[in-house]
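Presented below is the structure to which this report refers.
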Amino acid sequence: MFNTIGHLVQNKHEFISGYKFNLCFENSIGLGYTTEKIIDAYFAHTIPIYWGNPEVAKDFNPKSFVNVHDFKDFKEALDFIRYLDTHNNAYLDMLHAHPLNTYEGKPRFYKDLSFSKILNFLQNAIECPHLYHEHTSFNHTGTSLKHALLSKLTQIKAKFSRAQGTR
1 MFNTIGHLVQ NKHEFISGYK FNLCFENSIG LGYTTEKIID AYFAHTIPIY WGNPEVAKDF
61 NPKSFVNVHD FKDFKEALDF IRYLDTHNNA YLDMLHAHPL NTYEGKPRFY KDLSFSKILN
121 FLQNAIECPH LYHEHTSFNH TGTSLKHALL SKLTQIKAKF SRAQGTR
């Protein structure tokens, strides 16, 4: 994998696990747009320093990462990171905090998870691709794929609705 350090890194997990902190800056800011960057840091057992989705703390425990959005500027965020680096107990508390927000011992998103919500999410992603890709245009093949997926989602929704009505 290539990155900004100038040479090939064979194993990202192994590479970042050698550090106390990991910069997890998204390529853009978008509500709900959280990529693998923060998860990679957790898997490597480092503290994520996150910038991107302003609502990232809805899914991830704010006590388990440094959310740059929580500070008035980068200097204040850096001061907090220096504090963690020099105060071992505070660092270890953050490092060992559960990464996900939990509800009754399960990740919080389980509480609100339902088949219909998943279908609505997928349908919205297909019908509104401009949410994250404003300049993307579908060619003829993409349009056909979009219609095929929407058709299949409509069929699944209808089956789900009928199944719910028979209970």
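Using the numbering used here, the first residue of the sequence shown is number 1, and each one after it goes up by one. For glycine and all other residues, C-beta sits at the position ideal for the given N, C-alpha and C. Values in this document were obtained by computation on a predicted structure and should not be read as measured data.
### Query
Under three-state DSSP, which class holds N67?
What you label residue 67 is simply residue 67 of the sequence shown in a count that begins at 1. Correct three-state label for N67: strand.
### Message
Helix, strand or coil, according to DSSP, for L100 in the structure here?
### Response
Translated into the one-based positions of the sequence shown, residue 100 becomes position 100. Of the three classes helix, strand and coil, the one that applies to L100 here is strand, per DSSP.
### Query
Mapping DSSP to helix, strand and coil, what is N120?
In the sequence shown, the residue the question calls residue 120 occupies position 120. Three-state result, N120: helix.
### Query
Are three or more beta carbon pairs between the region 16-23 and the region 33-51 nearer than 8 Å?
yes
### Task
Would you mind stating whether D73 and T34 have Cβ atoms separated by less than 8 Å?
As a working mapping, residue 73 is identified with position 73 in the sequence shown. As a working mapping, residue 34 is identified with position 34 in the sequence shown. The answer is no: Cβ separation not under 8 Å.
### Query
Thinking C-alpha only, which one of A90, S28 and H45 is nearest F15?
Here residue 15 refers to the residue found at position 15 when the sequence shown is read from its first residue. The residue with the shortest Cα to Cα distance from F15 is H45.
### Query
Using the C-alpha atoms, what's the distance from A158 back to F121?
One-based indexing of the sequence shown puts residue 121 at position 121. One-based indexing of the sequence shown puts residue 158 at position 158. One C-alpha to the other measures close to 16 Å.
### Query
Using a Cβ-Cβ cut-off of 6 Å (strictly less than) and excluding sequence neighbours within five positions of P48, which residues of its own chain qualify?
Residue mapping note: residue 48 aligns to position 48 of the sequence shown, counting from 1. Cβ within range, chain order: N22, C24, I38, A41 and F65.
### Task
For H98, I'd like the list of residues in its chain whose CB is within less than 7 Å of its CB, leaving aside the five on either flank, ordered along the chain.
Mapped onto the sequence shown, residue 98 falls at position 98. Around H98: N61 and S64.
### Message
Using a Cβ-Cβ cutoff of less than 6 Å, which residues in the same chain neighbour V68 once the five nearest sequence positions on both sides are dropped?
### Response
Translated into positions along the sequence shown, residue 68 becomes position 68. The answer, listed in chain order, is W51 and A77.
### Message
Which residue marks the beginning of the beta strand (DSSP E) containing I47, and which one marks its end?
### Response
Indexing the sequence shown from 1 puts residue 47 at position 47. Segment I47 to W51, the beta strand (DSSP E) holding I47.
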